[in-house]
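Peer 1: One structure coming up, written as structure tokens, with questions to follow.
There are 2 protein chains.
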Amino acid sequence: MSESSGGETLLFLTDEQLRQGIEAVFFAYQSFTADPDRILATMAYGRAHHRAIHFINRAPGTTVNNLLAILCVTKQSLNRVLRSLVEDELVEARVGKVDKRERHLYLTEKGEALERKLSDAQRARMRSAYRAAGPQAVAGFRTVLEAMMDPEMRRRYLSLKESGV
Amino acid sequence: MSESSGGETLLFLTDEQLRQGIEAVFFAYQSFTADPDRILATMAYGRAHHRAIHFINRAPGTTVNNLLAILCVTKQSLNRVLRSLVEDELVEARVGKVDKRERHLYLTEKGEALERKLSDAQRARMRSAYRAAGPQAVAGFRTVLEAMMDPEMRRRYLSLKESGV
DNA sequence: AGTTTAAGTCAGTCTTGTTGACATTCCAAG
DNA sequence: CTTGGAATGTCAACAAGACTGACTTAAACT
Chain A
-16 MSESSGGETL LFLTDEQLRQ GIEAVFFAYQ SFTADPDRIL ATMAYGRAHH
34 RAIHFINRAP GTTVNNLLAI LCVTKQSLNR VLRSLVEDEL VEARVGKVDK
84 RERHLYLTEK GEALERKLSD AQRARMRSAY RAAGPQAVAG FRTVLEAMMD
134 PEMRRRYLSL KESGV
Chain B
-16 MSESSGGETL LFLTDEQLRQ GIEAVFFAYQ SFTADPDRIL ATMAYGRAHH
34 RAIHFINRAP GTTVNNLLAI LCVTKQSLNR VLRSLVEDEL VEARVGKVDK
84 RERHLYLTEK GEALERKLSD AQRARMRSAY RAAGPQAVAG FRTVLEAMMD
134 PEMRRRYLSL KESGV
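Quick look at the structure:
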């Protein structure tokens, strides 16, 4: 509260301040995932399905390999999730035209409906947090998050960001 | 970049902006946990052990029930983790003096050493992100994170924050 | 033709979450 | 004082979702 918009002091880099930042991330992430988790629990899906659906929606036609890089999981792990999504007709995997080895992933209408349901819940929380915090805080929020990312992750984040305008 | 320190516009509340916020949290959290995960992988421990160690260090003498509320898992789940930590002599569980049902949890020296190792790694990342982003961004970062938390979580976060000065 | 790459599969393990049953301790009402 | 209920913690079994390792198939590259 006291160090809020202060000058250029470096006092906020004490171990205690850093610890508080770590805990803030922990607690916020817990709430952040709680809304979609509640929805997913009512079906036979989990957080892994949500992640796949989110990024397929974000980059329709993306390949399996691409998704693996973003999610940072093994293909075996992703495959289990993808298989059930394809079986349940939430995701369509089309064979690549130029390279037939590749599978391009798309959400079906059913998949889009679930995506909307999940992201509506998550966006509602972000929206109210953003509104409560104000534009300046939001800018700072995103600056710090970007600075926290590993370079490789930041690269992927930024390229998604640009593709979405 | 363009919406950085801008005025009081509400343009940043478009779905696209909110989506970017969601993705930023996702990618940042991935990097955020990567450092301790790497250390833990070399021993027989996981993220759950880290969380327990972190909060026991933060509030020495805390009870199991207390920890459950913070971590939002079942007591059975926490108990497995706690048992292995006690067996390995990283944590000491003392029977409560006034209420013998309670176990008060403390880190041993060995436990403190691991806590330091883990949090050093995590703090290093936070420190460099904070430094790169600057004090104003950090203030905004924390404001938004607090606003994202469920009221109950925020209450717990704030009480830890105060206890640590 | 031989190698590499993309994707998928099968089997087995580990962590970490879950529920259900149970033991111990405390406390308060009869 | 005792007894029954609530709180605290433990044990056992199971499921999700991550992992590794070995392997197949098909297509592309050289």
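Top line first, the protein sequences correspond to chains A and B. The opening position of the first sequence corresponds to residue -16 in the numbering used here, with each subsequent residue numbered one higher. The opening position of the second sequence corresponds to residue -16 in the numbering used here, with each subsequent residue numbered one higher. For glycine and all other residues, C-beta sits at the position ideal for the given N, C-alpha and C. All of these numbers come straight from a predicted model, not from anything done at the bench.
1) Measuring CB atoms only, is the stretch 64 to 77 of chain B touching the stretch 14 to 32 of chain B, in the sense that at least three cross pairs come out at less than 8 Å?
2) Our contact map puts residue 50 of chain A next to residue 88 of chain A with C-beta atoms below 8 Å; I'd like the distance itself, whole angstroms only.
3) Cβ of residue 71 of chain A within 7 Å of any heavy atom in the ligand GTP?
4) For chain B, find out if any of its Cβ atoms is closer than 8 Å to the Cβ of residue 1 of chain A; answer yes or no.
5) Suppose only complete runs of 3+ residues qualify. What are the beta strand (DSSP E) ranges in the stretch 3 to 83 of chain A, listed by chain order?
6) Under 7 Å, CB to CB, which of the residues in the stretch 28 to 58 of chain A have a partner in chain B?
7) Using 8 Å as the limit for Cβ to Cβ distance, is residue 14 of chain B near chain A?
8) Note down, in chain order, every chain A residue with its Cβ under 8 Å from the Cβ of residue 144 of chain B.
9) What is the residue span of the beta strand (DSSP E) that residue -4 of chain A lies within?
10) Under the rule that 16 or more other beta-carbon atoms within 10 Å means buried, what is residue 119 of chain B, buried or exposed?
11) If you follow the alpha helix (DSSP H) that residue 126 of chain A is part of, which residue opens it and which one closes it?
12) Using the beta-carbon of each residue, which ones in chain A are nearer than 8 Å to residue -4 of chain B?
13) Tell me which same chain residues have a C-beta within less than 7 Å of the C-beta of residue 19 of chain B, skipping the five on either side of it?
14) Spell out whether any CB of chain B is found under 8 Å from the CB atom of residue 101 of chain A.
15) CA-CA distance, residue 82 of chain B and residue 42 of chain B?
16) Taking just the CA atoms, how far does residue 38 of chain A sit from residue 65 of chain A?
17) Can residue 9 of chain B and residue 127 of chain A be called in contact, C-beta distance under 8 Å?
18) Please confirm whether residue 15 of chain A and residue 110 of chain A have their CB atoms less than 8 Å apart.
19) Just the Cα atoms here: how many angstroms apart are residue 45 of chain B and residue 143 of chain B?
20) Tell me which residue opens and which closes the alpha helix (DSSP H) that residue 145 of chain B is part of.
21) Whose Cβ in chain B lies nearer than 8 Å to the Cβ of residue 64 of chain A?
22) Let me confirm a value: residue 26 of chain B is counted as buried when at least 16 other C-beta atoms fall within 10 Å, else exposed. Which label applies?
23) Can you check whether the C-beta of residue 105 of chain A is within less than 8 Å of a C-beta belonging to chain B?
24) In chain A, which residues lie less than 7 Å from residue 96 of chain B when you measure between Cβ atoms?
25) Look at the alpha carbon of residue 79 of chain A and the alpha carbon of residue 61 of chain A, and state the distance between them as a whole number of angstroms.
26) Taking C-beta pairs closer than 8 Å, name the residues in chain B that residue 125 of chain A reaches, listed in chain order.
27) Count the other C-beta atoms from every protein chain shown that fall within 10 angstroms of the C-beta of residue 63 of chain B, then say buried if there are 16 or more, exposed otherwise.
28) Spatial neighbours of residue 90 of chain A within its chain, please: C-beta separation below 8 Å, excluding the five flanking residues on both sides.
29) Exposed or buried, residue 139 of chain A, counting other C-beta atoms within 10 Å across all chains shown (16 or more means buried)?
30) Compare the C-beta of residue 140 of chain A against all C-beta atoms of chain B and say whether one is closer than 8 Å.
Peer 2: So, from the data block:
1) Enough Cβ pairs lie closer than 8 Å, so yes.
2) Right, the Cβ-Cβ distance comes to about 7 Å (below 8 Å), so this counts as a contact.
3) Among the components modelled here there is no ligand, and therefore nothing to report on the ligand GTP.
4) Interface residue (Cβ-Cβ distance to chain B less than 8 Å): residue 1 of chain A is classified as such.
5) As far as the stretch 3 to 83 of chain A is concerned, its whole beta strand (DSSP E) runs of at least 3 residues are 74 to 78.
6) Across the stretch 28 to 58 of chain A, CB contacts with chain B closer than 7 Å involve 55, in sequence order along the chain.
7) The beta-carbon of residue 14 of chain B is placed less than 8 Å from the nearest beta-carbon of chain A.
8) By Cβ distance, chain A contributes 3 and 6.
9) Careful: residue -4 of chain A lies outside any beta strand (DSSP E) and carries neither H nor E.
10) It is buried - the Cβ of residue 119 of chain B has at least 16 other Cβ atoms within 10 Å.
11) DSSP places residue 126 of chain A in the uninterrupted alpha helix (DSSP H) bounded by 118 to 131.
12) What residue -4 of chain B touches in chain A: 110, 113 and 114.
13) Cβ neighbours of residue 19 of chain B within its own chain (closer than 7 Å, five residues either side excluded): 33, 101, 104 and 105.
14) Answer no: the Cβ-Cβ gap between residue 101 of chain A and chain B never drops below 8 Å.
15) Going by C-alpha positions, residue 82 of chain B is about 18 Å away from residue 42 of chain B.
16) If I take the Cα positions, the gap works out to 12 Å.
17) Cβ distance not < 8 Å, so residue 9 of chain B and residue 127 of chain A don't count as in contact.
18) With respect to the 8 Å criterion, residue 15 of chain A and residue 110 of chain A are not classified as neighbours on the basis of their beta carbons.
19) Near 12 Å, if we compare the C-alpha coordinates of residue 143 of chain B and residue 45 of chain B.
20) 134 to 146 is the span of the alpha helix (DSSP H), which, as asked, contains residue 145 of chain B.
21) Chain B residues near residue 64 of chain A: none, gap ~16 Å exceeds 8 Å.
22) For residue 26 of chain B, the number of other beta carbons within 10 angstroms of its own is below 16, and it is reported as exposed.
23) With 8 Å as the cut-off, residue 105 of chain A counts as an interface residue toward chain B.
24) Simply none; closest approach about 16 Å.
25) Straight-line Cα distance between these residues: approximately 19 Å.
26) Correct list: 3, 4 and 7.
27) Residue 63 of chain B should be labelled exposed.
28) Taking residue 90 of chain A as the centre and dropping the five residues before and after it, the same chain places the C-beta of 36, 39, 40, 43, 73, 74, 75 and 98 closer than 8 Å to its C-beta, in chain order.
29) Residue 139 of chain A is buried by the Cβ-count criterion.
30) At a cut-off of 8 Å, the C-beta of residue 140 of chain A has a neighbouring C-beta in chain B.
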